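In my numbering, the protein residues as written are 8 to 287.
Just so it is clear, CB atoms sit at the ideal spot from N, CA and C, and this is done for glycine as well.
Predicted model, so just to flag it, every value in this text is computed and none were measured.
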Ligand code: SF4
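Below, the structure written as structure tokens:
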């Protein structure tokens, strides 16, 4: 049963304020962001939320992007969604801007790329780690649930059990560990897989060992077998998509504001069993 929706607030991102670290392949070159630019206003947000509320099974909204904190009307969206369990999936850079709205959120999910500044900055630019540390401290001080997400690549593979130990100490609500997939439409013609893609067998072995060594971590991971968790992405203008594990494209299902739930769910059901996600 579909209980959670991923709300794409924008595909834009502010990550590029940092310069690439020496020897890196660029800031966030692994990112899956879609290049689409879309518009909406407060009335569209109201219509979208009331449409979502028609489906009583939906209890959780995950605000994601791009970087949701640069999206127009993000404060309004956060406040208006307080009847749901809400998760903000952010790079954290602008968390200080929602000082008054943060109490309306239930969980904040931050990247956890490595156990050192060197690894964080390799992925996200020179200076990211120092700000990330401040922002993580801020989230912990506000007693909001925290989640982490980690992309394992050949670069941070050697560090993964150090990361796991640090995550374990913090005891987050969850830790989502994923493997690079070549679905970045913006980078489709650029061969970046060689920098970020990890052998599936190695990835699965690492996940098994983390589960064995740190059984108390609530670990989620992408794998290539096992039961699925259906994922529905909805843009703030109402457009709904799903994504398949091995696809470079998002699959358009309709506009939930105009078309309603029936059409979206019927289209979604055709695809959802093809997804390969595992939840511990
Ligand atoms: S990985 Fe996150 S922070 Fe980096 S560009 Fe993509 S959306 Fe922005």
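Exposed unless 16 or more other CB atoms sit within 10 angstroms - verdict on residue i
i           : result
residue 219 : exposed
residue 118 : buried
residue 17  : buried
residue 106 : exposed
residue 208 : exposed
residue 44  : exposed
residue 120 : buried
residue 46  : exposed
residue 146 : buried
Residues sharing a beta bridge with residue i, DSSP
i           : result
residue 38  : Answer by DSSP bridge pairing: none, since residue 38 is not bridged.
residue 96  : 116
residue 225 : DSSP, once it has assigned bridges, lists no residue as partnering residue 225.
residue 156 : 118 and 183
residue 241 : 14 and 247
residue 47  : DSSP lists no partner for residue 47.
residue 68  : 12 and 93
residue 290 : As shown, the chain starts at 8 and ends at 287. That puts residue 290 outside it, with no answer to give.
Local conformation of residue i per DSSP, three classes
i           : result
residue 248 : strand
residue 151 : coil
residue 17  : coil
residue 210 : helix
residue 89  : coil
residue 278 : helix
residue 76  : helix
residue 102 : helix
residue 232 : Residue placement at residue 232 is poorly supported in this model, since its pLDDT is 49, which falls under 50; the coordinates are not used for a value here.
residue 267 : helix
Any non-hydrogen atom of ligand 1 closer than 7 Å to residue i Cβ
i           : result
residue 28  : no
residue 250 : no
residue 142 : no
residue 43  : no
residue 114 : no
residue 78  : no
residue 98  : yes
residue 73  : yes
residue 171 : no
Beta-carbon proximity check, residue i vs residue j, cutoff 8 Å
i           : j           : result
residue 85  : residue 93  : yes
residue 13  : residue 239 : yes
residue 55  : residue 243 : yes
residue 74  : residue 20  : yes
residue 10  : residue 64  : yes
residue 104 : residue 76  : yes
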